[in-house]
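Participant: So for the sequence shown, my numbering puts the first residue at 342; every next one is plus one.
The structure follows.
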Amino acid sequence: MKQNTRLFLSALLLTIGMTAAAQPKATYYSSADGKTKESLKIALGKIVKNHTKRSYDQLKTDYKKVYVVPGTTQQVWDIFSDEVYNYSQTSKWNREHVVANSWWGGTKNNAYSDLFSVIPSEVMANNHKSNFPPAELTGNVKYDHGHIRVGTPKSGLGGSYNNAFEPIDSLKGDFARIYFYVATCYDDIAWGSGNVKSEIKRETWPTLNPWLYKMLLRWHNLDPVSSMEIQINNDAEGIQGNRNPFIDYPVLADYIWNEEYFTTAFDLSSAVLYQHISGEIPPTPPTPPTPPSPDSELVPGELYFADYFDSIEKGEDDNTGGSSNVWEGDDDFVNVVAAYQAGGAVRLGTGKKQGSLYSRQIDCGNSTNLFVELDIKGWSDADAKVAITIGDVTQNVTSTNRMSDGYEHISILFKDVTNPDVLEITTSSDSKRCFIDNVEVKAAVSALVLGDVDGNGEINVSDIALLASYILGNDPDGFVSAAADFNADGSIDVGDISSVAAYILANEAAEALRRLW
Numbered sequence: 342m343k344q345n346t347r348l349f350l351s352a353l354l355l356t357i358g359m360t361a362a363a364q365p366k367a368t369y370y371s372s373a374d375g376k377t378k379e380s381l382k383i384a385l386g387k388i389v390k391n392h393t394k395r396s397y398d399q400l401k402t403d404y405k406k407v408y409v410v411p412g413t414t415q416q417v418w419d420i421f422s423d424e425v426y427n428y429s430q431t432s433k434w435n436r437e438h439v440v441a442n443s444w445w446g447g448t449k450n451n452a453y454s455d456l457f458s459v460i461p462s463e464v465m466a467n468n469h470k471s472n473f474p475p476a477e478l479t480g481n482v483k484y485d486h487g488h489i490r491v492g493t494p495k496s497g498l499g500g501s502y503n504n505a506f507e508p509i510d511s512l513k514g515d516f517a518r519i520y521f522y523v524a525t526c527y528d529d530i531a532w533g534s535g536n537v538k539s540e541i542k543r544e545t546w547p548t549l550n551p552w553l554y555k556m557l558l559r560w561h562n563l564d565p566v567s568s569m570e571i572q573i574n575n576d577a578e579g580i581q582g583n584r585n586p587f588i589d590y591p592v593l594a595d596y597i598w599n600e601e602y603f604t605t606a607f608d609l610s611s612a613v614l615y616q617h618i619s620g621e622i623p624p625t626p627p628t629p630p631t632p633p634s635p636d637s638e639l640v641p642g643e644l645y646f647a648d649y650f651d652s653i654e655k656g657e658d659d660n661t662g663g664s665s666n667v668w669e670g671d672d673d674f675v676n677v678v679a680a681y682q683a684g685g686a687v688r689l690g691t692g693k694k695q696g697s698l699y700s701r702q703i704d705c706g707n708s709t710n711l712f713v714e715l716d717i718k719g720w721s722d723a724d725a726k727v728a729i730t731i732g733d734v735t736q737n738v739t740s741t742n743r744m745s746d747g748y749e750h751i752s753i754l755f756k757d758v759t760n761p762d763v764l765e766i767t768t769s770s771d772s773k774r775c776f777i778d779n780v781e782v783k784a785a786v787s788a789l790v791l792g793d794v795d796g797n798g799e800i801n802v803s804d805i806a807l808l809a810s811y812i813l814g815n816d817p818d819g820f821v822s823a824a825a826d827f828n829a830d831g832s833i834d835v836g837d838i839s840s841v842a843a844y845i846l847a848n849e850a851a852e853a854l855r856r857l858w
């Protein structure tokens, strides 16, 4: 049976299976019919903007009707982690803006509490995602919680951010369709106002920065609409009164952001629900092996200490009066001074008194090179300034993020530390108040880019030439012997040439497939 026939039958069965459920009314998208590119996006925006605003507090009740694992009545549907928990476990999950609300300054507008884009998330996954954009990552992954990873984005991705989050392949389309919805429904809010970094602009088209919409379009077409997305779309409409067009008609994303279809008008009469532009699922490109980072770079390794302040439920971290409850410490920070509860975070210091956190004894093994990582932001009118001490080394850190912004994730390398057994974080004397979250101490490990024999940061045919020259008895200038054992078998021989060649071919094949689709 041909692939198209199989897909047609699958789509037919899906359509039959969904007939008992709500679907878009025949006239819901009629005003978008015949439109192209920017005019199509504007028309869709007018359609989806017409909805009932939910309050942030109402969302938790709404979730019980929308984000429910099929076959259960109390289990939370969470695309940020592979954790399983019920709605009653309120310390395990919270409400996460898939598109960071700091990107528009955090104003509590319709986007702040939209059922399609503010969804349930496991607490730690939510905290680590922070206000980062989605992107494909390098091998430098700082956090992995099953469904998303956080780390360094690949070259050309991430925009103005040094960190990003990457979903697993089977959920990349889900995230892409949420971003497309937000960019369409809320293209007129204050994206990037003030000094806030945003990968979305206040404009009718393209709204999403080019690197972002091109990547999301690929994610969207590689991961077709799931039955769970269809259920969410139908159930959310029953509460909020609008739908996500890119779930109903995935082809819309290509008509708006794929240059090959900029002059193609959307034909509602021929559009098929839940079908992508080609009617087929594109093949998944082969994934080349990811060599480690350069030898000159130290990257985070084993985790020695962590406090995510999950037990703190009182207080808030986005207003001057929301963090007045004293915090007396926990099992990780056993001695604190002028510390206050701030809703899953800690406020350090008062207007007159410096605040400090002193950790328990930390077992760092034999490590003397360490990374201290934390999320930090300042008060309403002051930068966040802290001194971080581990062992005998102190470093000062400043963040310009304010109370109304998202946290800034900071990673500080401490080299040649003596007696790294206690971590201390103290606010500065001239900026006494700030917010702290997600504190970690990790080993700093050295890694090598295997295969990058000439040390230019790329693995290509010049590395194969140097390998061959070395095996033939030469020792060419610039030869990096430690990087030559690509297959890590303990010797440098023709097997390494084969491995490097396979890596290069896999990369080229992946890029060719991306261009094709």
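Note that beta-carbon positions come from the ideal geometry of N, C-alpha and C, so glycine has one too.
Quantities reported herein were computed from a predicted structural model and do not represent experimental measurements.
Would you kindly report the start and end of the unbroken beta strand (DSSP E) that includes Gly-692?
Facilitator: Here residue 692 refers to the residue found at position 351 of the sequence shown. Gly-692 -> no beta strand (DSSP E), and no H or E assigned at all.
Participant: Quick one: residues in its chain with C-beta nearer than 6 Å to the C-beta of Ala-505, no 5 flanking neighbours on either side, listed in chain order?
Facilitator: Walking along the sequence shown from the start, residue 505 turns up at place 164. So the qualifying residues of the chain are Phe-473, Pro-474, Ala-476, Pro-494, Gly-499.
Participant: Can you list, in chain order, the residues of its chain with a C-beta nearer than 8 Å to that of Asp-818? Leave out the 5 residues immediately preceding and following it.
Facilitator: Numbered from 1 along the sequence shown, position 477 holds the residue referred to as residue 818. Per-residue confidence for Asp-818 stands at a pLDDT of 49, beneath the threshold of 50, marking its modelled position as unreliable; the derived number appears in the next sentence. Result list for Asp-818: empty, nothing under 8 Å.
Participant: Give the C-beta separation of Lys-718 and Tyr-748 to the nearest angstrom, bearing in mind that I take them to be a contact with Cβ-Cβ under 8 Å.
Facilitator: Taking the first residue of the sequence shown as position 1, residue 718 is located at position 377. Taking the first residue of the sequence shown as position 1, residue 748 is located at position 407. Yes, Lys-718 and Tyr-748 are in contact; Cβ-Cβ is about 5 Å, under 8 Å.
Participant: Three-state secondary structure (DSSP) at Asn-468?
Facilitator: Along the sequence shown, read from residue 1 onward, the residue named residue 468 stands at position 127. In this structure, Asn-468 counts as helix in the three-state DSSP scheme.
Participant: According to DSSP, is Glu-578 part of a helix, a strand, or is it coil?
Facilitator: As a working mapping, residue 578 is identified with position 237 in the sequence shown. In the structure shown, Glu-578 sits in a helix (DSSP, three-state: H, G or I).
Participant: Do Leu-764 and Val-738 have their C-beta atoms closer together than 9 Å?
Facilitator: The residue given as residue 764 occupies position 423 in the sequence shown. The residue given as residue 738 occupies position 397 in the sequence shown. Taking 9 Å as the Cβ cut-off, Leu-764 and Val-738 do not qualify as a contacting pair.
Participant: Ordered along the chain, which non-local residues of its own chain (more than five positions away) have a Cβ less than 8 Å from that of Ser-652?
Facilitator: For this step, residue 652 is matched to residue 311 along the sequence shown. Cβ within range, chain order: Ser-432, Asp-671.
Participant: Quick one: residues in its chain with C-beta nearer than 8 Å to the C-beta of Ile-812, no 5 flanking neighbours on either side, listed in chain order?
Facilitator: Numbered from its first residue, the sequence shown carries residue 812 at position 471. So the qualifying residues of the chain are Ile-833, Asp-834, Val-835, Ile-838.
Participant: Does DSSP put Pro-551 in a helix, a strand or coil?
Facilitator: In the sequence shown, counting from the first residue as 1, residue 551 sits at position 210. Residue state, collapsed to three classes: helix.
Participant: Which same chain residues end up closer than 6 Å to Gly-533 when comparing Cβ atoms and leaving out the 5 residues on each side of it in sequence?
Facilitator: Here residue 533 corresponds to residue number 192 of the sequence shown, with the count starting at 1. Excluding sequence neighbours, Gly-533 sits near Ser-539.
Participant: Just curious, the alpha helix (DSSP H) that Leu-711 is in, first and last residue?
Facilitator: Here the question's residue 711 lines up with position 370 in the sequence shown. No alpha helix (DSSP H) contains Leu-711, which is instead part of the beta strand (DSSP E) from 711-718.
Participant: Return helix, strand or coil for Asp-778, following the three-state DSSP convention.
Facilitator: Counting from one through the sequence shown, the residue named residue 778 turns up at place 437. Strand at Asp-778.
Participant: With H, G and I counted as helix, E and B as strand and the rest as coil, what does DSSP make of Lys-538?
Facilitator: Here residue 538 refers to the residue found at position 197 of the sequence shown. It is coil, neither helix nor strand.
Participant: Whole angstroms is fine: what's the gap from Gly-792's alpha carbon to Asn-760's?
Facilitator: The count along the sequence shown starts at 1 and reaches residue 792 at position 451. The count along the sequence shown starts at 1 and reaches residue 760 at position 419. Whole-angstrom Cα-Cα distance: 36 Å.
Participant: Within 10 angstroms of its Cβ, does Leu-846 collect 16 or more other Cβ (buried), or is it exposed?
Facilitator: Position 505 of the sequence shown, counted from the first residue, corresponds to residue 846. The residue is exposed, with fewer than 16 neighbouring Cβ atoms inside 10 Å.
Participant: Helix, strand or coil for Val-417 per DSSP?
Facilitator: Along the sequence shown, read from residue 1 onward, the residue named residue 417 stands at position 76. Reduced to three states, the DSSP call for Val-417 is strand.
Participant: Using C-beta distances below 8 Å, list every residue in its chain close to Ala-842, excluding the 5 sequence neighbours before and after it, in chain order.
Facilitator: The residue labelled residue 842 in the question sits at position 501 within the sequence shown. Answer for Ala-842: Ile-805, listed in chain order.
Participant: May I have the straight-line CA-CA distance separating Phe-587 from Tyr-484, to the nearest angstrom?
Facilitator: Numbered from its first residue, the sequence shown carries residue 587 at position 246. Numbered from its first residue, the sequence shown carries residue 484 at position 143. Taking the straight line from one Cα to the other gives about 29 Å.
Participant: Hey, out of Gly-412, Thr-414, Arg-436, whose CA is closest to Ile-420's CA?
Facilitator: If you number the sequence shown from 1, residue 420 lands on position 79. Answer by Cα proximity: Arg-436.
Participant: Taking its Cβ as the centre, do 16 or more other Cβ atoms sit within 10 Å of Asn-536, making it buried, or is it exposed?
Facilitator: Start at 1 with the first residue of the sequence shown, and residue 536 comes out as number 195. Its Cβ having fewer than 16 others within 10 Å, Asn-536 is exposed.
Participant: Give me whichever residues DSSP pairs with Val-459 in a beta bridge.
Facilitator: Along the sequence shown, one-based indexing puts residue 459 at 118. Val-459 is bridged to His-438.
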